[in-house]
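As numbered in mature numbering (1 follows the signal peptide of the UniProt record, and there is no 0), residues -25 to -1, 1 to 719 make up the sequence shown, in order. We treat Cβ as the ideally placed atom computed from N, Cα and C, and that holds for glycine.
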Amino acid sequence: MKKHTKSILVLLAMLLFCVSTSVVSQVLETPIVANGEGQACDLTGTTDFPLRITFNTAPFNDDNVFITELSDENGSFADASKVKEVRRLISTVGGTNYNQLYKIETTFQLPAGTFGKNYKIRVRTTSPVMSQESDFFEAYYDMFAEGELEINGGVPFTLCNSETKEVTLNTSVVGEYLWYISKSGTTDELVATTQEPKYTITKAGLYYVFIDYGKCGGIRSNYLNVSGLSNNEAQIDVPSTTVEICGGVPYTFNAKVTNTSYTYKWYQDGNLVKSSNEPTYTTPNAGQFGTYRLEIETGSCTTVSDNVVLQQKTTAGFNVNTTGTLKTVILPGETRDLCITHDASSGTIQWYKDDVSLGTAANQLCFNAKVAGVYFASVKESTGSSCDAIVDSEKYTLLGVDSLIASIRTDTNYEECKSSTAKLSIVGVQAKAKDGNTYDLTAAQIGLLSYQWNKDGAPVSGATNNELTLNSFIDSGMYTLTVSVGAIPGSSNNLDVKLVEVPQVTSSSASNSLCVGVPITYTINNVITGYTYQWIKDGTQDVTPADPKILEVTEVGEYVLKYSGFGCNSELNPIVVVPFDDSAVTITPSEIVVMEAGSSATVVAAGGETYEWYQGEDNSGALLSTTEELIVTTLGFYTVYVKVGNCTVQKTIEVVEPDGQIIVPNIVSPNQDGINDTWKLSNSYAYQPSVQVILYNSNGKEILNTTDYKNDWPMESLGNQKIFYYKIIKDDKLMKAGTISVLD
């Protein structure tokens, strides 16, 4: 009994041991970040921070991986897109087996953009799957050192007229930025706290930014000076917007604000008269009247003052007018007459150039200007008071020229790669003036220019006129025109001229009609070395012979000569070769001539180039005539041979006497039995150019209307129609009329 009891106790102990072993598992403890100091202060962007991972009870499986992750700035791992993996530990055979260390000492680096006070580290395992989070800690990536942070790149600026300007820091990190205005002798003013490294400044002040790095400290940016320029400060300092002075004396304008970093631009009647860092402008003693304004450029903005009118105290009772264009260019060697008119009773005239007097004369209404400048005339008339009446003319501005721009073209008949000649000519010339604008030269000014034509960048010898004629394909090239006057240069647009030597093709035939067995030969009379010639038939078939100069044509079709060379690919108009049609040769009055015995008749052939008339039905008889006309006096057969190009047409004429018949047949049986197959008239009516034969169907529709009827109707099927009507008219007189019955 004791033996059994002891055995049972041993079994129970073993069972308890197995159960206790099977329920033991790994315990992942809280990760320790940065030795538990509570902050990770990264000054370089590459700092390694210590991380301790511990676990107990049992090792992890051999395929386990430790994954270390950083939370978002609020310590949350809920948004996977904001969670950053910072370390991954994988055990290796023969290397470190992290799964059995129980305490792992490693490091991690902060991802770019890390900025905040509530970050956490999470350690995850993959086999088995579990995770553990660290305590909260502060973390700041690549912290600025004192003096490194800049606003607007350190560039100060001015706000004009209550405008605003967005400025940025030299970082893209989203964090917490405290924007201050420095206050002398008092507490600095916090004007904004932003997460983005930017801020919109709305008022002047000395700005700086403070970054609070929490436990890692804080730094201050460099100072940025933002000045302000109000609309009131940007004005001209005058007691009134209208200032009156005597004529002939200067006046000094002052700006209300003085800053040597500003640029002051003074305008009179819209024209810039002074630009400098000085806040004053003194007018000349002539031409000073007008409307003034001041523009102040601060480097970041521009202000525009109100207008101030400067006028003379004494009102003049006369007018001064200019003649001609006020603003033009003047060329070296050119003289320009500048003229005024006035109606002052006893005025004196003083001319000025660039506000400097050119002398005084009583009646010098015109001044001969030869150089660039701003000219005007001042007319003064005594009033007997403290101020004389002075009226200045409008100003003539003669602009100097920096360069010339010519425009050239080909004549309107020129076609690229089709023309064999061309004429180049000048269309116009513009001058690039000292004011930066361009002006068209007048015909008189263009006449002062010198010309030089250039081909492919080199001058063309002797080509110094305003036109250039090109007469050959060897003149093809890139053409320009150089123009000049004095020391002022100018050039034109480019003209790429492509001329060709158009092939001259002659034919062995006067026409393009092809006779059976008689070819037509086409010859290129001006073959040029350097050109390639190709004959194409019917658009696609290359029929170019070994020597393309001569093409022998034995088939009808459309032939095109293509030629290429010297940058051009061209072709001639198609040559359409057609079968010869002997219907072009006609006989008048007819091929059957009715003639009274003992009389004569004239027979005329037409449509050919040469004619030979023979007695009989071929050319074995006597040659009677070599012209179009043959006069016959005897009955019988006559044959004419008509030459048309390479073709010969033979026609035989029969001269017969009148048959005396006046009866018109009234039946026709077109059944091809040789009897009454056609409607045959006597030669009194048939083969007579003066006799008109008209046929109608049973519905009265005209189906035939002819002279010189050849006894050949009908020439096609008549269908089911059985009755036709006819009229025979001679010399506008009705000779016969009746019906024709169709018999089967």
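Taking just the CA atoms, how far does residue j sit from residue i?
{"i": "residue 719", "j": "residue 579", "result": "40 Å"}
{"i": "residue 30", "j": "residue 178", "result": "59 Å"}
{"i": "residue 320", "j": "residue 309", "result": "34 Å"}
{"i": "residue 105", "j": "residue 160", "result": "59 Å"}
{"i": "residue 207", "j": "residue 375", "result": "39 Å"}
{"i": "residue 675", "j": "residue 646", "result": "24 Å"}
{"i": "residue 76", "j": "residue 83", "result": "19 Å"}
{"i": "residue 407", "j": "residue 247", "result": "20 Å"}
{"i": "residue 32", "j": "residue 22", "result": "33 Å"}
{"i": "residue 420", "j": "residue 479", "result": "45 Å"}
{"i": "residue 99", "j": "residue 41", "result": "6 Å"}
{"i": "residue 153", "j": "residue 165", "result": "7 Å"}
{"i": "residue 692", "j": "residue 644", "result": "11 Å"}
Please list the terminal residues of the continuous alpha helix (DSSP H) segment that includes residue i.
{"i": "residue 637", "result": "Note, residue 637: premise wrong, no alpha helix (DSSP H); not H, not E."}
{"i": "residue 419", "result": "418 to 421"}
Residue i by DSSP, collapsed to three states: which one?
{"i": "residue 537", "result": "strand"}
{"i": "residue 430", "result": "strand"}
{"i": "residue 10", "result": "helix"}
{"i": "residue 84", "result": "coil"}
{"i": "residue 75", "result": "helix"}
{"i": "residue 128", "result": "helix"}
{"i": "residue -15", "result": "Legend: pLDDT at residue -15 = 45, less than 50; position of this residue unreliable, value from coordinates given subsequently. Helix, per DSSP."}
{"i": "residue 291", "result": "coil"}
{"i": "residue 37", "result": "coil"}
{"i": "residue 191", "result": "helix"}
{"i": "residue 220", "result": "strand"}
{"i": "residue 415", "result": "strand"}
{"i": "residue 24", "result": "strand"}
{"i": "residue 112", "result": "strand"}
{"i": "residue 56", "result": "helix"}
{"i": "residue 264", "result": "coil"}
{"i": "residue 559", "result": "helix"}
{"i": "residue 449", "result": "helix"}
{"i": "residue 543", "result": "strand"}
{"i": "residue 644", "result": "coil"}
Excluding the 5 residues preceding and the 5 following residue i in the sequence, name in chain order all residues of the same chain whose CB lies nearer than 6 Å to its CB.
{"i": "residue 600", "result": "588"}
{"i": "residue 677", "result": "671"}
{"i": "residue 195", "result": "183 and 185"}
{"i": "residue -4", "result": "Here residue -4 scores only 39 on pLDDT, less than 50, and its place in the model should not be relied on; the value that follows carries that caveat. Counting only Cβ-Cβ distances below 6 Å, and skipping sequence neighbours, we find nothing."}
{"i": "residue 202", "result": "133 and 179"}
{"i": "residue 108", "result": "95 and 97"}
Check the Cβ-Cβ distances between residue i and every residue of chain C, and say whether any is below 8 Å.
{"i": "residue 591", "result": "In the structure shown, chain C does not exist; there is a single protein chain."}
Quick check on the DSSP output: the beta strand (DSSP E) that includes residue i runs from which residue to which?
{"i": "residue 210", "result": "Unbroken run through residue 210: none, as it is neither H nor E."}
{"i": "residue 60", "result": "59 to 65"}
{"i": "residue 364", "result": "364 to 367"}
{"i": "residue 399", "result": "397 to 408"}
{"i": "residue 626", "result": "622 to 631"}
{"i": "residue 467", "result": "463 to 467"}
{"i": "residue 453", "result": "452 to 460"}
{"i": "residue 377", "result": "376 to 385"}
The ligand SAM and residue i: does any heavy atom of the ligand fall closer than 7 Å to the residue's C-beta?
{"i": "residue 499", "result": "This structure simply doesn't include the ligand SAM, nor any ligand for that matter."}
Looking only at its own chain, which residues have a Cβ that is under 8 Å from the Cβ of residue i, when we skip the five neighbours before and after it?
{"i": "residue 242", "result": "248, 267, 268, 269 and 270"}
{"i": "residue 61", "result": "43, 44, 45, 83, 84, 85, 86 and 96"}
{"i": "residue 187", "result": "151, 153 and 193"}
{"i": "residue 687", "result": "653"}
{"i": "residue 481", "result": "497, 498 and 500"}
In chain order, what residues of the same chain lie with their CB nearer than 7 Å to the CB of residue i, ignoring the 5 residues before and after it?
{"i": "residue 485", "result": "584 and 620"}
{"i": "residue 552", "result": "487, 489, 495, 528, 531, 532 and 534"}
{"i": "residue 318", "result": "293 and 294"}
{"i": "residue 414", "result": "303, 304, 405, 406 and 408"}
{"i": "residue -6", "result": "Per-residue confidence for residue -6 stands at a pLDDT of 40, beneath the threshold of 50, marking its modelled position as unreliable; the derived number appears in the next sentence. So no residue of the chain qualifies."}
{"i": "residue 190", "result": "13, 14 and 113"}
Is it the case that the stretch 434 to 450 contacts the stretch 458 to 474, given that we only count it when at least three CB pairs across the two stretches are under 8 Å?
Contact between the stretch 458 to 474 and the stretch 434 to 450 is present, with at least three C-beta pairs closer than 8 Å.
Is it the case that the stretch 390 to 405 contacts the stretch 340 to 351, given that we only count it when at least three CB pairs across the two stretches are under 8 Å?
Contact between the stretch 340 to 351 and the stretch 390 to 405 is absent, because fewer than three Cβ pairs lie under 8 Å.
The stretch 223 to 237 touching the stretch 288 to 301, judged by at least three CB pairs closer than 8 Å:
Too few Cβ pairs lie closer than 8 Å, so no.
Does the pairing of the stretch 645 to 653 with the stretch 610 to 622 give three or more beta-carbon distances under 8 Å?
Under the 8 Å Cβ criterion, the stretch 645 to 653 does not count as touching the stretch 610 to 622, having fewer than three qualifying pairs.
Are there three or more Cβ pairs, one per stretch, closer than 8 Å when the stretch 494 to 509 is compared with the stretch 527 to 541?
As far as the Cβ criterion goes, the stretch 494 to 509 touches the stretch 527 to 541, which means the pair count is three or higher.
Take every Cβ of the stretch 281 to 297, pair it with every Cβ of the stretch 209 to 222, and state whether three or more of those distances are shorter than 8 Å.
Contact holds: three or more Cβ-Cβ distances are below 8 Å.
Pair every Cβ in the stretch 120 to 133 with every Cβ in the stretch 92 to 111, then say whether three or more of these pairs are closer than 8 Å.
Contact annotation: the stretch 120 to 133 does not touch the stretch 92 to 111, with fewer than three C-beta pairs closer than 8 Å.
Is the stretch 109 to 128 in contact with the stretch 53 to 71, if contact means three or more CB pairs nearer than 8 Å?
Judged by pairs of C-beta atoms under 8 Å, the stretch 109 to 128 does not touch the stretch 53 to 71, as fewer than three such pairs exist.
Contact the stretch 347 to 361 vs the stretch 381 to 388: 3+ CB pairs below 8 Å:
These segments do not touch.
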